[in-house]
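K.L.:
From first to last, the protein sequence lines stand for chains H and L. Heads up, the first sequence is in full-length UniProt numbering, so the first residue is 1 and it goes up one at a time. Heads up, the second sequence is in full-length UniProt numbering, so the first residue is 1 and it goes up one at a time. Glycine included, C-beta positions come from ideal geometry on N, C-alpha and C. Here it is, the structure in full.
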Amino acid sequence: MAATLDQTIAQKQHTLLSRVFASQTFWVVIAVILACLFLSFATDAFATSKNLYNITRNVTFVAIVALGMTFVIITGGIDLSVGSVLCLSSMVLAITMHAGYSIEVGILASIATALAIGAFNGILIAYLGFPPFVVTLGMLSIARSLAMVASNNTVVFQFGPDHDKLLSLGGGAWLFGIANPVLYTIVLALITGFILRWTKFGRHIFAIGGNEHAATLTGVPVRQIKVAVYMISALSAGIAGIIETGWLGAVTTNIGTGMELQVIAATVIGGANLAGGVGTAFGAIVGAALIEVIRNSLGLLGINAFWQGVFIGGAILLAVLFDRIRNFRRSD
Amino acid sequence: MAVLELTNISKHFGAIQAVNDVSLSIEPGQVVGLMGDNGAGKSTLVKMIAGNFRPSHGAMQMDGKELILHKPVEARQHGIEIVHQDLALCNNLTAAANVYLGRELRKGVGPFRILDYAAMYKRAGQIFAELKSETRPRDLVKQMSGGQRQAVAIARTMLSQAKIVLMDEPTAAISVRQVAEVLNLIRHLRDQGIAVVLISHRMPDVFTVADRVIVMRRGRKVADKTIALSSPEEVTGLITGAIEQV
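Structure, rendered in structure tokens:
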């Protein structure tokens, strides 16, 4: 009897393979691969190194912010302010450098701005009990407005003495011809994945999303962690803003408009659950990739760009539909 | 010697006297059923032992030493563990992750410390085996039966050297077969010398597993006797007030 009990306890319910097949992320990866294969045969322009370079680089800005958003969404929150925070961080960087300061000072000011906004969001949400949707909706408006005030709504395209450094930071390709933003994304994705899987902090984030009350009762520092995730989200927007500024070589107050929706779409397509408790770094990247491949392919296939929204929206619904179908089966 | 001793404990919230001059002592390895109608003061009493509230009057002693608790974490440090009524489990995490929630094992040096999955799975598995529960450490809690979920919540109390476990209505919302499982879990705790305070409305559970029954009514302790010397009829009378005091 004791032996069989021990055997039962030691048994694993799922093999690695069955877990992979059961994950939404896996099927999105398959969709991305199939779409790429189809496009390689259907068009001449897709599988060119120039186009692939473009796609991978375009993915990165949404992907980096989606990594930060993943933390927030796992706790069951939402951050609608990322697009505006990206804009404000870019503007702070641009104005600081334009005023003659070095790139280091510019980046520091930009990151500090992002973190301050994240902390503000987080404190209102965690300590004063504001709903995340409302706080970050307010910040969406505030941050972009501040960017307009700071720049007087002009375009900044001269970045002082370190102008070239900034452009090569965002637009260069320092390693094996891979665009720099792609390298940053890979590094940030690895860090995110590590934090979520291997640290106490990551474990607590999942616990908060699963059952916040339980997390509180078991001694998880729920409030501090909530502030931290909104700071991480804002930080990721700040980092994306710095890189995008370097890549574009100019900052307008329109940068990042509507980005929050793309970012949330990417995380949801990648398997994160807006109700909290579920999400991965890899999923965020794959979700962002699928959106970009759809956009790119519509252009290459000569389909009117106005259809973009339909296809991306369809992808969101389809991804979540798969998840629903699996849940129905499980509950039967 | 008593593991926990309460002397003339009272608690009032403004004009409301929730607990009034209650004294009791709990021995190691003893299962005490704490019964009473809604509003009788049993939750308030338990919350004082758990460190959620501070008593307005009276003193608590643990192993003969004065016990003053400011927050729940301190109660846990003293070896007082609570199984909450809603179990406080995260459905999206594994059994082992839930057992170790808030006190995860880590390995590594200095700031570079990572979660020690292997050790947590192993120890959680050992605890489930001790509890004779067929619960797999790697399974997600959302796929578990009510009895297994109870086992996970109870396993938490066995991580550290608990001296006393407070269980709030552990059998309130589960099936008959699972009730038997939970009562077995309580016996396993007792066999390890842990004192268990079982708060319950269910007369059969208390009379099956408890050594002693304490009945509260309107903030006062109206009975405290060995289970063999009492009867469900008497306890019902005490709870409702048909019997004034014994």
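Cβ of V85 of chain H within 8 Å of Cβ of T96 of chain H?
P.N.:
Going by C-beta atoms, V85 of chain H is not nearer than 8 Å to T96 of chain H.
K.L.:
Judging by CA-CA distance, which residue of H:I291, H:W307, H:T154 and H:I242 is the nearest neighbour of A112 of chain H?
P.N.:
The option with the nearest alpha carbon to A112 of chain H is H:I242.
K.L.:
Residue range of the alpha helix (DSSP H) that residue 334 of chain H falls in?
P.N.:
Past the edges of chain H, shown from 1 to 332, lies residue 334 of chain H, and the structure says nothing about it.
K.L.:
So, does the CB of T157 of chain L fall closer than 8 Å to a CB anywhere in chain H?
P.N.:
False, the Cβ-Cβ gap to chain H never drops below 8 Å.
K.L.:
So the beta strand (DSSP E) G36 of chain L belongs to, where does it begin and stop?
P.N.:
V31 to G36 is the extent of the beta strand (DSSP E) around G36 of chain L.
K.L.:
Using a C-beta to C-beta distance shorter than 8 Å, which residues of chain H count as neighbours of K107 of chain L?
P.N.:
Near K107 of chain L there are no residues of chain H at all, since even the closest Cβ is about 10 Å away, more than 8 Å.
K.L.:
How big is the Cα-Cα spacing for R123 of chain L and D168 of chain L?
P.N.:
Approximately 25 Å between the Cα atoms of the pair.
K.L.:
Run the proximity test for A153 of chain L: is its beta-carbon closer than 7 Å to any non-hydrogen atom belonging to the ligand MN?
P.N.:
Because no ligand of any kind appears in the structure shown, any question about the ligand MN cannot be addressed here.
K.L.:
Can you tell me whether DSSP reads M91 of chain H as helix, strand or coil?
P.N.:
If DSSP states are grouped into helix, strand and coil, M91 of chain H belongs with the helices.
K.L.:
Please work out which residues of its chain come closer than 6 Å, Cβ to Cβ, to T135 of chain L, disregarding the five sequence neighbours upstream and downstream, and give them in chain order.
P.N.:
Around T135 of chain L: A95, F128, Q148 and A151.
K.L.:
Tell me, to the nearest whole angstrom, how far the beta carbon of Q30 of chain L is from that of D211 of chain L; I am working on the premise that it is less than 8 Å.
P.N.:
That pair is a contact at about 5 Å.
K.L.:
Taking contact to mean 3 or more Cβ pairs, one atom from each stretch, closer than 8 Å, check whether the region 184-193 of chain H and the region 35-42 of chain H are in contact.
P.N.:
Verdict: no, contact absent.
K.L.:
From the DSSP output, in three-state form, read off E66 of chain L for me.
P.N.:
Note: E66 of chain L maps to strand in three-state DSSP.
K.L.:
Ignore the nearest five residues each way along the sequence and tell me which others in Q24 of chain H's own chain have a CB closer than 7 Å to its CB.
P.N.:
So the list reads G271, A319, F322 and D323, once near-sequence residues are dropped.
K.L.:
What are the residues in the region 268-287 of chain H lying within 7 Å of chain L by C-beta distance?
P.N.:
Within the region 268-287 of chain H, the qualifying residues are G277 and V278.
K.L.:
With H, G and I counted as helix, E and B as strand and the rest as coil, what does DSSP make of G299 of chain H?
P.N.:
Helix at G299 of chain H.
K.L.:
I need the DSSP call for M1 of chain L, collapsed to helix, strand or coil.
P.N.:
It is coil, neither helix nor strand.
K.L.:
Would you kindly work out how many angstroms separate the C-alpha atoms of L4 of chain L and A266 of chain H, rounded to a whole number?
P.N.:
Approximately 55 Å, taken between the alpha carbons.
K.L.:
Taking DSSP as the reference, what is the three-state secondary structure of L6 of chain L?
P.N.:
Strand, per DSSP.
K.L.:
Around the C-beta of I49 of chain L, are 16 or more other C-beta atoms found within 10 angstroms, so that it is buried, or is it exposed?
P.N.:
Buried, since its Cβ has 16 or more Cβ neighbours within 10 Å.
K.L.:
Taking Cβ-Cβ distances shorter than 9 Å, what residues in chain H pair up with R135 of chain L?
P.N.:
Contrary to the premise, residue 135 of chain L reads as Thr rather than Arg in this sequence. Residues of chain H passing the Cβ test: T8 and I9.
K.L.:
How should Q262 of chain H be labelled, buried or exposed, when 16 other C-beta atoms within 10 angstroms of its C-beta is the threshold for buried?
P.N.:
Per the 10 Å Cβ criterion, buried.
K.L.:
Around the C-beta of L229 of chain L, are 16 or more other C-beta atoms found within 10 angstroms, so that it is buried, or is it exposed?
P.N.:
Looking at its Cβ environment, which holds fewer than 16 other Cβ atoms inside 10 Å, L229 of chain L is exposed.
K.L.:
Here's the rule I'm using: 16 or more other beta-carbon atoms within 10 Å means buried, otherwise exposed. How should L17 of chain H be labelled?
P.N.:
Flag for L17 of chain H reads exposed.
K.L.:
Closer than 9 Å, Cβ to any Cβ of chain L: which residues of the region 190-211 of chain H, in chain order?
P.N.:
Answer set for the region 190-211 of chain H: F194, R197, W198, T199, K200, G202, R203, H204, F206, A207, I208, G209, G210 and N211.
K.L.:
In whole angstroms, what is the alpha-carbon distance linking I75 of chain H and I208 of chain H?
P.N.:
Per the sequence shown, the amino acid found at residue 75 of chain H is Thr instead of Ile. In a straight line, the C-alpha of T75 of chain H is about 5 Å away from that of I208 of chain H.
K.L.:
Are any of the Cβ atoms in chain H nearer than 8 Å to that of A97 of chain L?
P.N.:
Yes, its Cβ sits closer than 8 Å to a Cβ of chain H.
K.L.:
So the beta strand (DSSP E) M167 of chain L belongs to, where does it begin and stop?
P.N.:
Its beta strand (DSSP E) spans residues I164 to D168.
K.L.:
Can you tell me which of the three DSSP states S23 of chain H falls into?
P.N.:
The answer is coil: DSSP assigns S23 of chain H none of H, G, I, E or B.
K.L.:
Name the residue from H:S49, H:L196 and H:C87 whose alpha carbon lies nearest to the alpha carbon of I239 of chain H.
P.N.:
It is H:C87 whose Cα lies nearest to the Cα of I239 of chain H.
K.L.:
State the CB to CB distance for the pair A281 of chain H and G193 of chain H, rounded to an integer number of angstroms; the pair is presumed to be in contact (CB under 8 Å).
P.N.:
About 4 Å; that satisfies the 8 Å criterion.
K.L.:
My guess is that N273 of chain H and L89 of chain L are in contact by the Cβ rule of under 8 Å, so how many angstroms apart are they, rounded?
P.N.:
N273 of chain H to L89 of chain L, Cβ: 18 Å. No contact.
K.L.:
Between H:L166, H:G313 and H:N296, which has its C-alpha nearest A94 of chain H's C-alpha?
P.N.:
Residue H:L166 is the option with its Cα nearest to A94 of chain H.
K.L.:
Where does M60 of chain L fall in DSSP's three states?
P.N.:
DSSP places M60 of chain L in strand when its eight states are reduced to three.
K.L.:
Look at the alpha carbon of A305 of chain H and the alpha carbon of I291 of chain H, and state the distance between them as a whole number of angstroms.
P.N.:
Going by the C-alpha atoms only, they are around 14 Å apart.
K.L.:
Can you pull the chain L residues whose beta carbon is under 7 Å from the beta carbon of L217 of chain H, in chain order?
P.N.:
Neighbours of L217 of chain H on chain L, chain order: H84 and A88.
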